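In my numbering, the protein residues as written are 914 to 1233. All residues carry an ideal CB built from backbone N, CA and C; glycine is no exception. Bear in mind the structure is a predicted one, so any value in this text is a computation, not a measurement. Notes follow once the structure below has been shown.
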Amino acid sequence: AISQLNDDIIRSMSIGAVFSDFGGNINSIDFHRKADLLVTSSDDDSVRFYDIASAKMVKTTYHKKHGADRVCFTHHPTSVICSSKHNLNSHGESLRYLSLYDNRCLRYFKGHKERVVSLCMSPMNDGFMSGSLDHTARMWDLRVNACQGILHLRGRPSVAYDQQGLVFAVSMEGGAVKLFDSRSYDKGPFDTFLVGGDDKAEVCDIKFSIDGKSLLLTTTNNSVYILDAYHGDKKCGFSMDCSSNAVVIEATLTPDGRYFLSGSGNGNINAWNISNEDATEVASLDSCYSVAPSRLRWAPHRVMFAAASDSVLTFWLPNN
């Protein structure tokens, strides 16, 4: 069970399933919050749908016109939001609300002028957020085409809701993270944290831990920071040497918030126990690939995680 995760279980994690039939790099992966499902988007313009209980691919849909860049589940287990990879110059971004069940686009969301680099669904309602290279974060509602709110920001914005959907975090240049009340974000942020470190690096991925106590930040130069989500204090920081691959990594926390996993430059997946004041590395898991696994996600309710290395998806399970 998730509640009984320990160092030995983390060390025992090994590849239980491999999916290597992608025709391009995997851009994004996301688990459904409740159902045993995973969705991927990749450079072959596909959105793929997996049952993680049986480790089987259930469905593939192709989106040749717009491509498939970022993807995240809505509350419905067969519906996702997907951002575009193609035709951005002529049309701007068209975020799409897709039904994977019958391969239909239920709604378009237009407004962003550049590529969307961050996407997240509210756990509380039909709201979702997007962060774009046009230096805006936008709030949307699945039921309405029009943008519901906009924040003008400096730099590359990453966005994340906490697990209750009451607070969202937005990162911007200079390592600043601003926290907003999602019901009254027009009043401005109620708190701002400064991560510090390399001023040239921008935060490219931000996640709240499931217990809401920690914020996980990854930067474009592959430094990873874990902050206290209440006070902004830096709990720990790591530098992942992925420079040789020029990939930007997305790390993950276990659901209990006690362990942190990330790809590294040698292709391994490193795991740290961060439950004590001094973070300790507990495992370096051999991914069998020379490329840093750039996308990691731990399943919300299972002792398993998914990793994407270039165009290969792997499911990791305890080896017992």
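### Query
Within 10 angstroms of its Cβ, does L918 collect 16 or more other Cβ (buried), or is it exposed?
Buried, because 16 or more other Cβ atoms sit within 10 Å of the Cβ of L918.
### Message
Let's see if you can read the secondary structure: which residues bound the beta strand (DSSP E) around I1182?
### Response
In this chain, the beta strand (DSSP E) harbouring I1182 covers I1182 to N1186.
### Message
Taking the alpha carbon of G1145 as the reference point, which residue from F1106, G1024 and C1117 has its own alpha carbon closest?
### Response
The shortest Cα separation from G1145 among F1106, G1024 and C1117 belongs to F1106.
### Task
Quick one: give me the first and last residue of the alpha helix (DSSP H) that H1065 is part of.
Where H1065 is concerned, there is no enclosing alpha helix (DSSP H), although the beta strand (DSSP E) it sits in stretches over V1057 to H1065.
### Message
Going by DSSP in three states, I939 sits in which element: helix, strand or coil?
### Response
Residue state, collapsed to three classes: strand.
### Task
Please report the Cβ distance between S954 and L1008, rounded to the nearest whole angstrom; I am assuming they are in contact, meaning their Cβ atoms lie under 8 Å.
Taking 8 Å as the upper bound for CB-CB distance, S954 and L1008 are not in contact here, some 12 Å apart.
### Message
Among the candidates T1049, S1035 and T1165, whose CA atom is the shortest distance from the CA of G1024?
### Response
For the residues T1049, S1035 and T1165, the minimum Cα distance to G1024 belongs to T1049.
#### Entry: N1000 beta carbon less than 8 Å from that of K978
Yes, they are a contact pair.
### Query
What span of residues does the alpha helix (DSSP H) with L950 cover, start to end?
Where L950 is concerned, there is no enclosing alpha helix (DSSP H), although the beta strand (DSSP E) it sits in stretches over L950 to S955.
### Query
Terminal residues of the continuous beta strand (DSSP E) containing R1028?
Here R1028 belongs to no beta strand (DSSP E), and DSSP marks it neither H nor E.
#### Entry: Residue span of the alpha helix (DSSP H) that contains L1001, given as start and end
Counting along the chain, the unbroken alpha helix (DSSP H) around L1001 starts and ends at L1001 to H1004.
### Distance CB(I942)-CB(S1224) smaller than 8 Å
No; because the gap between Cβ atoms is not below 8 Å, this pair is not in contact.
### Query
Skipping 5 residues on each side, what residues in its chain have a beta carbon closer than 7 Å to that of T1167?
The answer, listed in chain order, is L918 and W1211.
### Query
On the premise that I1119 lies in contact with A1073, defined as a C-beta separation below 8 Å, what is that separation, rounded to the nearest angstrom?
Yes, they are in contact, since the Cβ atoms of A1073 and I1119 sit about 5 Å apart, within 8 Å.
### Query
Whole-angstrom Cβ separation of P1036 and R946, contact assumed at under 8 Å?
Between R946 and P1036 the Cβ distance is about 7 Å, and since that is below 8 Å, they are a contact.
### Task
Could you name the residues of the same chain whose beta carbon sits closer than 7 Å to that of L1064, not counting the 5 residues immediately before and after it, in chain order?
So the list reads T1049, A1050 and V1083, once near-sequence residues are dropped.
### Query
Taking all protein chains shown into account, do 16 or more other C-beta atoms lie within 10 angstroms of the C-beta of K1100, making it buried, or fewer, making it exposed?
That one is exposed.
### F1093 to F1081 span [Cα, whole Å]
Going by the C-alpha atoms only, they are around 5 Å apart.
### Query
How do the region 927-934 and the region 1183-1197 stand: do at least 3 beta-carbon pairs fall below 8 Å, yes or no?
Short answer: they don't touch.
### Message
On a Cα-Cα basis, can you pick out the residue from H1004, D1141, G1125 and V1137 that is closest to S1207?
### Response
The option with the nearest alpha carbon to S1207 is V1137.
### Task
Figure out for me which residue from V1029, N1058 and V1090 has the closest Cα to the Cα of C1018.
Nearest Cα to C1018 within the set V1029, N1058 and V1090: N1058.
### Query
Among residues of its own chain, excluding the 5 on either side of G1005, which ones have a beta-carbon nearer than 7 Å to its beta-carbon?
The answer, listed in chain order, is K1023, H1025 and K1026.
### Query
Which stretch, first to last residue, makes up the alpha helix (DSSP H) that contains I922?
Segment D920 to S925, the alpha helix (DSSP H) holding I922.
### Nearest-angstrom Cα separation, counted from A1164 out to N1186
Distance between the alpha carbons of N1186 and A1164 is about 14 Å.
### Query
Helix, strand or coil: which one does DSSP assign to Y1021?
Correct three-state label for Y1021: strand.
### Task
With DSSP collapsed to three states, give me the class of Y1010.
Strand at Y1010.
### Message
Within 10 Å of its beta-carbon, does Y1010 have 16 or more other beta-carbons around it, so buried, or fewer, so exposed?
### Response
Looking at its Cβ environment, which holds 16 or more other Cβ atoms inside 10 Å, Y1010 is buried.
### Message
Helix, strand or coil for Y1098? Go by DSSP, reduced to three states.
### Response
Three-state result, Y1098: helix.
### Message
Between A981, S1122, C1201 and L1128, which has its C-alpha nearest K1091's C-alpha?
### Response
Nearest to K1091 by alpha-carbon distance, out of A981, S1122, C1201 and L1128, is L1128.
#### Entry: Boundaries (first-last residue) of the beta strand (DSSP E) holding I1119
I1119 -> beta strand (DSSP E) spans V1116 to F1121.
### Query
In terms of residue numbering, what span does the beta strand (DSSP E) encompassing R961 cover?
For R961, the enclosing beta strand (DSSP E) covers residues S959 to D964.
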